Structure formats: structure tokens, C-alpha cells
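These notes are about the structure you will find just below.
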Amino acid sequence: MPAQPETPSDPGARPPVSARRAASDRSMQRATLIAAGVGLVADLVLLAIAVTRPESAALYGALVGTGLTLVIVLPTVAIAFAGPRLTPVSMAATVLGSWAVKMFVVILVLLLVRDMAALSTTWIGLALLVGAVSAMVVEATVLMRTRQPLDVAPPSEPRDHG
Numbered sequence: 001m002p003a004q005p006e007t008p009s010d011p012g013a014r015p016p017v018s019a020r021r022a023a024s025d026r027s028m029q030r031a032t033l034i035a036a037g038v039g040l041v042a043d044l045v046l047l048a049i050a051v052t053r054p055e056s057a058a059l060y061g062a063l064v065g066t067g068l069t070l071v072i073v074l075p076t077v078a079i080a081f082a083g084p085r086l087t088p089v090s091m092a093a094t095v096l097g098s099w100a101v102k103m104f105v106v107i108l109v110l111l112l113v114r115d116m117a118a119l120s121t122t123w124i125g126l127a128l129l130v131g132a133v134s135a136m137v138v139e140a141t142v143l144m145r146t147r148q149p150l151d152v153a154p155p156s157e158p159r160d161h162g
């Protein structure tokens, strides 16, 4: 049998992913999972502290803050796992869109609960700081330590810029 060059049957098929890019994708996924775990554990500790407070508003505020932490952290994890299957443009749109939706939800919830006596806004803020900010710091730290190089394929055909 003669050797035939491998050509994808689907003309829109993407080229195979390089080992370097696959390692970068795994590093990103690992970093987001670790960050989400750290943020949630930190919020669980904060919830345990809020339970010991005599006022119930502390616990309810910490629960709302933990919910908002999930709104911030979980889409980032989802994007890290969906990202390798997205084109660069759709990935950028997804990241930007998810950020906008996250901020809209957080701001809307904070505006809706700001005057509720049953919720402590201090504990909402503490839960957001402890959960979401610690998750972002851990994610950034893990990604900086892995130092994965950017894997960008050169264009296959030169462009005419005339």
C-alpha cells in the first residue's frame, strides 16, 4: 500500500494540537481548579466563622458572598476546559462576555441586598475577598510558576499588505 499524506476528511478540521500547547492547556486547567478549590475552602472557613457569630446576618451575608464567589470562579474554570476547543476569536469573546456577565451579576446582587437588614454586607464583602480574591491570586501564582510558553502557529500563507 502506498503511503498517503494525512489529510483531514473535514476541510474545516483543526490541525493537531502540539505537545507544548496541550501542556499549556493542562496547566491552565490545573491552575483554575486549584484556585477554585482554594477559594471555596477559604469561603468554607469563613462560613464556619460566621456560624459562630451571634447575629444570623453574618451567616446569611457569608452565604451570599460565597454564592457570588462561585459566580466569579466557576465560569473561569469552565472557560479553561472549553478553551482548547474554541478559536482565538471565540475564546476572547467568551472571556470578555463571561467577565461582563459576572460583573453584572455581582453588582446587581450587591445593589439588591444593600439595604436588607437580614444580610451583613460586611460578611458579603469578606466572603468575596476571601474566596474570589484568593482564587485569583492562587491562579496567577500557579500560572506564573508553570511559565508555559505561548504556542502560536505561524500563518500558512503570506498576506498581501499592499
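When the letters of the sequence shown are read in order and numbered with this note's numbering, they come out as residues 1 to 162.
Heads up, the beta-carbon is just placed ideally off N, CA and C, and yes, glycines get one too.
All of these numbers come straight from a predicted model, not from anything done at the bench.
**Q.** Sequence ranges, alpha helix (DSSP H) only - wholly within the stretch 3 to 86, length at least 4
**A.** 19 to 51, 56 to 82
**Q.** First through last residue of the alpha helix (DSSP H) which encompasses Ser-90
**A.** Along the sequence shown, read from residue 1 onward, the residue named residue 90 stands at position 90. Here the alpha helix (DSSP H) through Ser-90 covers 88 to 113.
Q: Kindly give me the distance between the Cβ atoms of Ser-120 and Gly-61, rounded to whole angstroms, as I take these residues to be in contact under 8 Å.
A: Against the sequence shown, residue 120 aligns to sequence position 120. Against the sequence shown, residue 61 aligns to sequence position 61. So it is a contact: roughly 4 Å between Cβ atoms.
Q. Which word fits Thr-32, buried or exposed, when buried means at least 16 other C-beta atoms lie within 10 angstroms of its C-beta?
A. For the purposes of this step, residue 32 is taken as residue 32 along the sequence shown, with counting starting at 1. Buried is the call here.
Q) How long is the line joining the alpha carbons of Ser-56 and Gly-131, rounded to whole angstroms? A) As a first step, residue 56 is located in the sequence shown; it is residue number 56 there, counting from the start. As a first step, residue 131 is located in the sequence shown; it is residue number 131 there, counting from the start. Ser-56 and Gly-131: Cα-Cα distance of roughly 20 Å.
Q. What distance in whole Å lies between the Cβ atoms of Ile-72 and Thr-94, which are believed to be in contact at a cut-off of 8 Å?
A. Position 94 of the sequence shown, counting from 1, holds the residue named residue 94. Position 72 of the sequence shown, counting from 1, holds the residue named residue 72. Actually they do not touch by this definition, with Cβ atoms about 15 Å apart.
Q: Whole angstroms is fine: what's the gap from Ala-50's alpha carbon to Ala-58's?
A: As a first step, residue 50 must be located in the sequence shown, where it is residue number 50. As a first step, residue 58 must be located in the sequence shown, where it is residue number 58. The straight-line gap from Cα to Cα measures roughly 5 Å.
Q. What residues in its chain sit with their C-beta under 7 Å from that of Pro-88, if we drop five residues either side in the sequence?
A. Looking up residue 88 in the sequence shown gives position 88. Around Pro-88: no qualifying Cβ.
(Q) I need the straight-line Cα distance from Arg-53 to Ser-90, nearest angstrom please. (A) For the purposes of this step, residue 53 is taken as residue 53 along the sequence shown, with counting starting at 1. For the purposes of this step, residue 90 is taken as residue 90 along the sequence shown, with counting starting at 1. Looking at the two C-alpha atoms, the distance is approximately 46 Å.
Q | Reduced DSSP secondary structure (H/G/I, E/B, other) of Ser-134 | A | Here residue 134 corresponds to residue number 134 of the sequence shown, with the count starting at 1. Correct three-state label for Ser-134: helix.
Q.
With a threshold of 8 Å on Cβ separation, who are the neighbours of Ile-124 within its own chain once the five nearest residues in sequence on each side are excluded?
A. On the sequence shown, position 124 is the one that residue 124 refers to. So the qualifying residues of the chain are Gly-61, Ala-62, Val-64, Gly-65, Leu-68, Leu-110, Val-113.
(Q) Does Val-38 pass the burial test, meaning 16 or more other C-beta atoms within 10 Å, or should it be called exposed? (A) The count along the sequence shown starts at 1 and reaches residue 38 at position 38. With 16 or more Cβ atoms within 10 Å of its Cβ, Val-38 is classed as buried.
Q | Ala-117 in three-state terms, based on DSSP | A | The residue labelled residue 117 in the question sits at position 117 within the sequence shown. Note: Ala-117 maps to coil in three-state DSSP.
Q. From Gly-83 to Val-77, what distance separates their C-alpha atoms?
A. Taking the first residue of the sequence shown as 1, we reach residue 83 at position 83. Taking the first residue of the sequence shown as 1, we reach residue 77 at position 77. For Gly-83 and Val-77, the distance between alpha carbons rounds to 10 Å.
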